[in-house]
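Colleague: Have a look at this one.
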Amino acid sequence: MISIYNKVSDYIIVLNCMGEIIFCNESFLKRLNYNHEEILNLNIGKIINENNNINNELKEFGEINKTLEFYSKSNELVKINSNIIIENFNHDKSIFIIGKEVQSKQYTMEILEDLLDNINVCAFVIDTDGKYLYVNKPFTEMLDKKREDIIGSYNGDNWEYNIYNVFEKNNKEVFENKSPKIFNEKLIYDGNIHWYESYKAPIYDENKRPKYIVSKSKNIDLSKITSEELYKNYNRVTIENDFGCTGKKNVDLNEILKNIGEHILDYTKADGISMLLYDGDKEGLIPIVKLKNSKIYLENVEFIPIKKVILYSDKYRSYFNCTFTKDKIPNLSSVDYKFIDELDYCGNYIIELNDELIGMICLSYSKGNAPKFNSDEYMKYICNKIAMIINNIRLSNEVSIENKKRKHTEKELQRYLNVSVDLVSIVGTDTYFKRLSPNWFDVLGWTEEELLSMPIVDIIHPKDLENFIKKNKLNPKECKITRNIIRFRHKNGKYIYLEWSSEYISDEEVYVTTARDITRNLEIEKEKRTLEEAVQVEVVKNEFFSNISHEFRTPINIILGTMQVINKNIEKNNIQINTLKKHTNYIKQNSYRLLRLVNNLIDISKMDIGMYELRCSNQNIINIIEDITLSVADYTKNNKINLIFDTNDEDVITYCDPDKIERIMLNLLSNAIKYTPENGFIKVKINSTPEKIIVSVKDSGVGIPKDKLDVIFDRFGQVDGSFNRKCEGSGIGLSLVKNLVEMHRGEIHVNSKVNEGSEFVFSIPIKLKEENNDNECEVDRKCKHVERCDIEFSDIYSI
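Heads up: the sequence shown runs through residues 1 to 799, numbered per the UniProt record's numbering.
Below, the structure written as structure tokens:
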């Protein structure tokens, strides 16, 4: 009976009436990690949770079912669903505890084998002697042997010496390191070399002695071949780029892709594969590789026209990087679909790099051959590798072509240098010529012996020497080309301008230089500039005379026309006072306009020859500006413009010419009135600092274009230079204002935006000078305000 108890998987414990253990079956001992000697005659209370009181419950119920908690030898708590009864054991009444562990493993050996047989990797268990204890189905398929023929065999029975010798070495390393490790292992079967990535983990018994190794191996042929091609072509590009090596012929991209395609077929177990490259110029896909049944489907297809934007549209995008059933195959008019019925599944995978479409891979699966596993992520990884391979091959071929071109160019360059008109030389770090081309002698007049015997610095112009040394300073780390224009002394004493270029060759400690005589070019350029300046002066002069003639002719014509009207009215004896007064006002206004123009021309002429003088005295500049501003109130009112005057100071005494200050203000106010529309505003604001007085004239007018801000203070400069411009003017006023401000040691500038208005700001320094107080001219100046305003505003016809 005891032997039967030991064979069952249930746990069986027998106690005497004192609660002492008199028997345990093998299953129980193994689970709690005890042996017979350790547990026999031991009171059950020593290995059971103290909350479990079996004796009392048995006395009350006779038979019970409950979960008991046992402590293993390692103090692990093991819960067992127990049936507790009283039966005879060896002719004595005893307590039987029969049970199974709570939440015990529900899987069976069959389930585990089904799992391992249906994963896409080889799995095996091998002991310390190299004997196979277990292999899964993919492993048997790899060796093309039955499972029972492999289990119990050794590495040497299944692999040739070189391979199993590596296996033994790797297994030994895993046991010695006592930790899992990943190896890339080479296998040979089917007459071909294959690469596997093997994960091997050591398993030890309770005494820390090695028992066996569990391992899984994944075929990495596809990754290996793509990585090797990528590395090989990358090296080729690097070597050709760095050393200028050119191969005898370009890399055969089609052959490489065909090789990769065959490995993809082997990995995916697909029935056909095609690789198509995208031609951006032709806007379509070109089949490069057609293997197995893809040769049939794409037999007559050499080009599939499709634009990239359409290929990336929702119609096709959802079919990228996945496998799908044949009924979802998107329609392409160029493809023959008569064979589609023979397929069950298709897969499309995009080849792209840095968002650049390079091509795509198409897989096909015939009826009855559904994909064994989802390889979408792995195929995306492979496509990325293929994209880099294609990119490197294309780059390699381009580099090869460029290197051939470069060698050809170098030969052409050498021929050119032999017949070059440029001055070519080699100069040492000691500043002496080492070698010269013949034309140096023609340009500078020195013989070859004379040039080779003197430092180059001896024939460089002293003013150019510092710049020459600075630009050609030795710096082996930079070795850059320097260019500058240097004057070299001719043997006759004249200086020749040379356009000089040089590069320092650190290995040989010399400068390779070229130079070209540009003396005549510079003379021609100088003559050209002089001519252009003369032409520009002539253009400005002509524009000035045209403008001035217009400015003179307009008021004169108005005066003559008005006089003719008056004479006709006199002849007809049709004299009306209001009409006559109106006509005389026209004559007066245009006479003022002529007077203003003549005054400006006279003042500009005096300034040009230095005959214009200021009549300065200590004046309250606030009063001057306020009085002249308020004197134009009638003009702004007539033009429906709001005039605002604001000052932070009431009295600021400075040394200035009051007439010229008034003239500055009248000109700025006149411009503001001209260009400010009805219901706009003009604001005059005065601020001061201890050093200067700051005056701002701001308007809400049409503003000044940004490209005209730099020219409005130039003489004859106008924002609108056309003859049909809205407002009259000679273009002298602001130039005169600038001169008057600067004669006061001041500054003026303008801020303006189109359609937002302009602000002219000028400042003059505050200073005093001892003088006799004489304000006799004060009353006279105020009396002249009206006349000055009439003159300054004479070209505003709306007055």
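Don't be surprised by glycine CBs; every beta carbon is placed ideally from N, CA and C. Fair warning: this is a prediction, and the values are worked out from it, not measured in the lab.
Could you tell me which residues DSSP puts in a beta bridge with H194?
Modeller: L187
Colleague: Would the stretch 216–228 count as touching the stretch 376–392 if we require 3 or more Cβ pairs under 8 Å?
Modeller: yes
Colleague: Report the three-state DSSP secondary structure of S333 (helix, strand or coil).
Modeller: Note that S333 scores 45 on pLDDT, short of 50, meaning its location in the model is unreliable; the coordinates nonetheless yield the value given after this. Three-state DSSP puts S333 in coil, outside helix and strand.
Colleague: Would you report the Cα separation of F441 and I426, rounded to the nearest angstrom?
Modeller: 15 Å
Colleague: Count the C-beta pairs between the stretch 123–130 and the stretch 89–102 that are closer than 8 Å, then say yes if the count reaches three, no if not.
Modeller: Taking 8 Å as the limit for Cβ pairs, the verdict is that the stretch 89–102 does not touch the stretch 123–130.
Colleague: Look at the alpha carbon of Y297 and the alpha carbon of E160, and state the distance between them as a whole number of angstroms.
Modeller: 42 Å
Colleague: Would you kindly report the start and end of the unbroken alpha helix (DSSP H) that includes T431?
Modeller: No alpha helix (DSSP H) contains T431, which DSSP labels as neither H nor E.
Colleague: Quick check on DSSP: helix, strand or coil for F303?
Modeller: coil
Colleague: Measuring only from the beta carbon, is F139 closer than 8 Å to any heavy atom that is part of the ligand NAD?
Modeller: Summarising the ligand content, the structure contains no ligands, and the ligand NAD is consequently not present.
Colleague: Assuming I459 and F488 make a contact with CB atoms under 8 Å, what is their CB distance in whole Å?
Modeller: 5 Å
Colleague: Is the stretch 629–645 in contact with the stretch 593–608, if contact means three or more CB pairs nearer than 8 Å?
Modeller: No: the two stretches stay apart, fewer than three of their Cβ pairs being nearer than 8 Å.
Colleague: DSSP three-state call for A672: helix, strand or coil?
Modeller: helix
Colleague: How long is the line joining the alpha carbons of I682 and I628, rounded to whole angstroms?
Modeller: 14 Å
Colleague: Assuming M109 is part of the beta strand (DSSP E), what are its boundary residues?
Modeller: From DSSP, M109 is part of no beta strand (DSSP E) but of the alpha helix (DSSP H) over M109 to D117.
Colleague: Ordered along the chain, which non-local residues of its own chain (more than five positions away) have a Cβ less than 6 Å from that of L357?
Modeller: Y278 and K308
Colleague: Per the DSSP calculation, Q536 is bridged to which residue(s)?
Modeller: In DSSP, Q536 forms no bridge with anything.
Colleague: Answer yes or no: do I625 and I686 have a C-beta to C-beta separation smaller than 9 Å?
Modeller: yes
Colleague: Helix or strand or just coil, what does DSSP make of residue 874?
Modeller: Outside the modelled stretch of the chain, which goes from 1 to 799, sits residue 874, for which no answer is possible.
Colleague: Would you say S198 and E206 are within 9 Å of each other, going by their C-beta atoms?
Modeller: no
Colleague: Can you have a look at P138 and say buried or exposed, based on whether 16 or more other CB atoms are within 10 angstroms of its CB?
Modeller: buried
Colleague: Using only CA atoms, which one of C656, V750, M743 and M1 lies nearest to D699?
Modeller: Of C656, V750, M743 and M1, the smallest CA-CA separation from D699 is found for V750.
Colleague: Excluding five sequence neighbours on each side, which residues of the same chain lie with their C-beta closer than 6 Å to the C-beta of K726?
Modeller: Note that K726 scores a pLDDT of 46, beneath 50, so its modelled location is shaky; the value from the coordinates is reported in the next line. Excluding residues within five positions, none has a Cβ falling inside 6 Å.
Colleague: Cα-Cα, which of I505, E448 and V443 is closest to N472?
Modeller: I505
Colleague: Does the distance from the C-beta atom of I694 to that of S758 stay below 9 Å?
Modeller: no
Colleague: Here's the rule: buried if 16 or more other CB atoms are within 10 angstroms of the residue's CB, otherwise exposed. What is G318?
Modeller: Note on residue identity: the sequence assigns Ser, not Gly, to residue 318. With fewer than 16 Cβ atoms within 10 Å of its Cβ, S318 is classed as exposed.
Colleague: Measure the alpha-carbon distance for S696 versus R663 and round it to whole angstroms.
Modeller: 15 Å
Colleague: Going by the beta-carbon positions, is the gap between N170 and K200 smaller than 9 Å?
Modeller: yes
Colleague: Check whether the Cβ atoms of L736 and N671 sit closer than 9 Å, and answer yes or no.
Modeller: no
Colleague: Express the C-alpha separation of I559 and N574 in angstroms, rounding to a whole number.
Modeller: Rounded to whole angstroms, N574 to I559 spans 20 Å at the Cα level.
Colleague: Take the Cβ of H91 as the centre, count every other Cβ of all protein chains shown within 10 Å, and call the residue buried at 16 or more, exposed below.
Modeller: Exposed, because fewer than 16 other Cβ atoms sit within 10 Å of the Cβ of H91.
Colleague: Let's see if you can read the secondary structure: which residues bound the alpha helix (DSSP H) around W440?
Modeller: N439 to L444
Colleague: Which residue wins for smallest C-alpha separation from Y196, given the options Y267, L285 and K211?
Modeller: Y267
Colleague: In chain order, what residues of the same chain have a beta carbon less than 8 Å from the beta carbon of R147, not counting five sequence neighbours either side?
Modeller: V135, K137 and T140
Colleague: Measuring alpha carbon to alpha carbon, tell me which residue in N600, V761, E613 and I622 is nearest I732.
Modeller: A check of alpha carbon separations from I732 across N600, V761, E613 and I622 identifies N600 as the nearest.
Colleague: Which residue's Cα is closest to the Cα of Y612: K660, R406, I304 and D651?
Modeller: K660
Colleague: Indicate the three-state DSSP secondary structure (helix, strand or coil) for L68 in the structure shown.
Modeller: strand
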